[in-house]
Amino acid sequence: MRARAVIGLTALAVLVLLLYLLRDVLLPFVAGIALAYLLDPLADRLERLGLGRLAASLLILALFVVALVVTLLIVVPLAASQIAALIEALPAMVSRIQAILAERAGPLLQKIGGADVVGELQSSVGSLAAQGGAWLLAFLKSLWTGSQALISIASLLVVTPVVAFYILVDWDRMIGKIDGWVPPRHRATVRRLGREIDGAITGFVRGQTLVCVILGTFYAVGLWLVGLNFGVLIGLIAGFLTFIPYVGTLTGFLLSAGVALVQFWPGSDWLHIGLTVGVFLVGQFLEGNIISPKLVGESVGLHPVWLMFALLAFGSLFGFLGLLLAVPVAASIGVIVRFALRRYLDSQLYHADEPVLLPRRDG
Numbered sequence: 064m065r066a067r068a069v070i071g072l073t074a075l076a077v078l079v080l081l082l083y084l085l086r087d088v089l090l091p092f093v094a095g096i097a098l099a100y101l102l103d104p105l106a107d108r109l110e111r112l113g114l115g116r117l118a119a120s121l122l123i124l125a126l127f128v129v130a131l132v133v134t135l136l137i138v139v140p141l142a143a144s145q146i147a148a149l150i151e152a153l154p155a156m157v158s159r160i161q162a163i164l165a166e167r168a169g170p171l172l173q174k175i176g177g178a179d180v181v182g183e184l185q186s187s188v189g190s191l192a193a194q195g196g197a198w199l200l201a202f203l204k205s206l207w208t209g210s211q212a213l214i215s216i217a218s219l220l221v222v223t224p225v226v227a228f229y230i231l232v233d234w235d236r237m238i239g240k241i242d243g244w245v246p247p248r249h250r251a252t253v254r255r256l257g258r259e260i261d262g263a264i265t266g267f268v269r270g271q272t273l274v275c276v277i278l279g280t281f282y283a284v285g286l287w288l289v290g291l292n293f294g295v296l297i298g299l300i301a302g303f304l305t306f307i308p309y310v311g312t313l314t315g316f317l318l319s320a321g322v323a324l325v326q327f328w329p330g331s332d333w334l335h336i337g338l339t340v341g342v343f344l345v346g347q348f349l350e351g352n353i354i355s356p357k358l359v360g361e362s363v364g365l366h367p368v369w370l371m372f373a374l375l376a377f378g379s380l381f382g383f384l385g386l387l388l389a390v391p392v393a394a395s396i397g398v399i400v401r402f403a404l405r406r407y408l409d410s411q412l413y414h415a416d417e418p419v420l421l422p423r424r425d426g
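Residue numbers for the sequence shown follow our numbering, beginning at 64 and rising by one.
Here's what the structure looks like:
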């Protein structure tokens, strides 16, 4: 038993080391495998309708590539122009927020903290904004430089569909082959764990993708109706970042609140500022009480803190490749840990009585 544990841990360590060493070239292959995994249920459904596996795979990949190209041609130019305009206007927005703080809260702050407190507060706001921007740029740079495959977008766009096609065609055959490698006495347990891991991954990825799309659309439309500058872009950013628990809503709220103060405060337009805040309050209520429980559910088993740690840790170590691996690895570890805990709670080690100490007899 101990020897098998040592072998398993050694194999895991070697796998992690290989992923780290080959992280520069693995991204298109991991992306292709992930794409095939997500599209496999659709291929199975087309097979049940009478279409062959090869034809189903070709049809699915062709439709996916067309949809991706159309989306990129429409969304990327609009998003790029909006992001450039937002970055250009950001310093002026920070300066305006500093001026509003000094104008509205300055007298009260001077009474509480002295004459220098307003200047210190303005300096702190500027430093905080600069540090936040620097952290975001550093994180994005780490995602870019951490995976050299991103430098060659052409290879990513070409290799990924090819890998996805071959994996999708052979998916059922590969799963059957792997299942045959498992010792028969452990096959039922491994299959059950595999189903739990599959349910956790697919439940989160597919459900959370729909949550991101719905919330991004809601925030973008809501902020656009309010009349907020860069409202559509901020809404899309908030929706995209929703896959990281609380980060999307918090980022979108801070950005929209800052833009609303700069845009609407000079006219004391509290209504539009309140509507801007209300969009995110309503969105957060819908996400927590209706959208996420219906689409993701509680059966996924990914705690928000564990998910945030996995995303940040894997993103830091492996770049964009790490973001692709974070959810499957986190879900798999969660399922295995819960299985080990159930086995421990059912074992004699947990239920064994404490040894009874007999009184010592002298002589």
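We treat Cβ as the ideally placed atom computed from N, Cα and C, and that holds for glycine.
| query | result |
| --- | --- |
| Using CA atoms only, rank isn't needed, just tell me which of Ile-150, Pro-224, Ala-152 is closest to Ala-130. | Pro-224 |
| Determine the direct distance from the alpha carbon of Ala-263 to that of Gly-113, and round the result to whole angstroms. | 29 Å |
| Which one of Val-93, Trp-234, Thr-73 has the shortest CA to CA distance from Arg-116? | Trp-234 |
| Would you kindly work out how many angstroms separate the C-alpha atoms of Ser-355 and Arg-111, rounded to a whole number? | 30 Å |
| Roughly how many whole angstroms lie between the Cα atoms of Ala-155 and Ala-162? | 10 Å |
| Taking 8 Å as the threshold (C-beta atoms), are Gln-145 and Leu-273 in contact? | no |
| Expressed to the nearest angstrom, what Euclidean distance is found between the alpha-carbon atoms of Val-359 and Arg-255? | 21 Å |
| Measuring alpha carbon to alpha carbon, tell me which of Asn-292, Arg-405, Val-138, Trp-333 ends up nearest Leu-149. | Asn-292 |
| Here's the rule I'm using: 16 or more other beta-carbon atoms within 10 Å means buried, otherwise exposed. How should Tyr-83 be labelled? | exposed |
| Mind checking which residues open and close the alpha helix (DSSP H) that includes Ser-355? | 355-358 |
| Does the Cβ-Cβ distance between Gly-315 and Gly-298 come in under 8 Å? | yes |
| In its own chain, which residues sit with a C-beta less than 8 Å from the C-beta of Ile-96, not counting the 5 before and 5 after it? | Val-226, Ala-227, Ile-230 |
| Buried or exposed: where does Pro-91 fall if 16 or more other Cβ atoms within 10 Å of its Cβ makes it buried? | buried |
| Measuring alpha carbon to alpha carbon, tell me which residue in Phe-343, Leu-324, Gly-321, Val-253 is nearest Ile-399. | Val-253 |
| State yes or no: is the C-beta of Gly-302 within less than 8 Å of the C-beta of Val-284? | no |
| Using a Cβ-Cβ cutoff of less than 6 Å, which residues in the same chain neighbour Arg-406 once the five nearest sequence positions on both sides are dropped? | none |
| If I measure Cβ to Cβ from Ala-76 and keep anything under 6 Å in the same chain, skipping five residues before and after, which residues do I get? | none |
| Given a threshold of 16 other Cβ atoms within 10 Å of its Cβ, counted over all protein chains shown, does Tyr-282 qualify as buried or as exposed? | buried |
| Have a look at Gly-341 and Gly-239 and give me their C-alpha separation to the nearest angstrom. | 52 Å |
| Taking 8 Å as the cut-off, decide whether the C-beta atoms of Ile-307 and Ala-323 are in contact. | no |
| Taking only runs that begin and end inside the region 359-399, name each unbroken beta strand (DSSP E) of 3 or more residues, in chain order. | none |
| Just tell me which of Ala-94, Leu-80, Val-69 has its CA closest to the CA of Pro-391. | Ala-94 |
| For the alpha helix (DSSP H) holding Ser-319, just list the boundary residues, first then last. | 310-327 |
| Would the beta-carbon of Leu-256 be found less than 7 Å away from any heavy atom of the ligand MN? | The ligand content of the structure shown is nil, which means the ligand MN is not present either. |
| Between the C-alpha atoms of Leu-408 and His-414, what's the straight-line distance to the nearest angstrom? | 8 Å |
| Do you know how far the Cα of Leu-78 is from the Cα of Lys-88? | Here residue 88 turns out to be Val, not Lys, going by the sequence shown. Straight-line Cα distance between these residues: approximately 15 Å. |
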